[in-house]
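First the structure, in the form of structure tokens, and then the observations on it.
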Amino acid sequence: MADIVCADMTGDRKPQPSGASGADQGWAVLSYLLAGMLVWGGIGWLLDEWLGIPKHLGAFVGMVLGAGLGLYLIVKRLGQPENPNDNQGEGRKR
Numbered sequence: 000m001a002d003i004v005c006a007d008m009t010g011d012r013k014p015q016p017s018g019a020s021g022a023d024q025g026w027a028v029l030s031y032l033l034a035g036m037l038v039w040g041g042i043g044w045l046l047d048e049w050l051g052i053p054k055h056l057g058a059f060v061g062m063v064l065g066a067g068l069g070l071y072l073i074v075k076r077l078g079q080p081e082n083p084n085d086n087q088g089e090g091r092k093r
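Sequential numbering from 0 applies to the sequence shown in numbering that gives the first Met the number 0.
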């Protein structure tokens, strides 16, 4: 117990990694998809009610559009490497 207190006081503790864990990224993916489908599906449903579109076509189109935009956000925000200075593309130099 005294070792932990001394390590805290002297600053000798190991730094915690700052990157997002896999679970955090999984929840982000799920929330982007669900939020996109719910928001754009709701907008489509409102257009259905307002314009009288039959068979909830606007809600369906809105949900598909929301899923597509959610996937776009996932790739845009989570598809980038953690370290942008990686030299993985060195073989493609001109």
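Beta carbons are placed, not taken as given, at the ideal position from N, Cα and C, and that holds for glycine.
Express the C-alpha separation of G51 and G21 in angstroms, rounding to a whole number.
For the purposes of this step, residue 21 is taken as the residue at position 22 of the sequence shown. For the purposes of this step, residue 51 is taken as the residue at position 52 of the sequence shown. Those two C-alpha atoms are separated by around 44 Å.
Buried or exposed, going by whether 16 or more other CB atoms sit within 10 Å of the CB of W39?
Stepping through the sequence shown from its first residue, residue 39 is reached at position 40. It counts as buried.
Cβ-Cβ distance between M61 and W44 below 9 Å:
Here residue 61 refers to the residue found at position 62 when the sequence shown is read from its first residue. Here residue 44 refers to the residue found at position 45 when the sequence shown is read from its first residue. In the sequence as presented, Met is not what sits at residue 61; that position holds Gly. Cβ atoms of G61 and W44: closer than 9 Å.
Give me the Cα-Cα distance between H55 and L37, rounded to the nearest whole angstrom.
Taking the first residue of the sequence shown as 1, we reach residue 55 at position 56. Taking the first residue of the sequence shown as 1, we reach residue 37 at position 38. So the alpha carbons of these two residues sit roughly 14 Å apart.
Would you say Q79 touches the ligand SAM, meaning its beta carbon is less than 8 Å from a heavy atom?
You won't find the ligand SAM in this model; it holds no ligand whatsoever.
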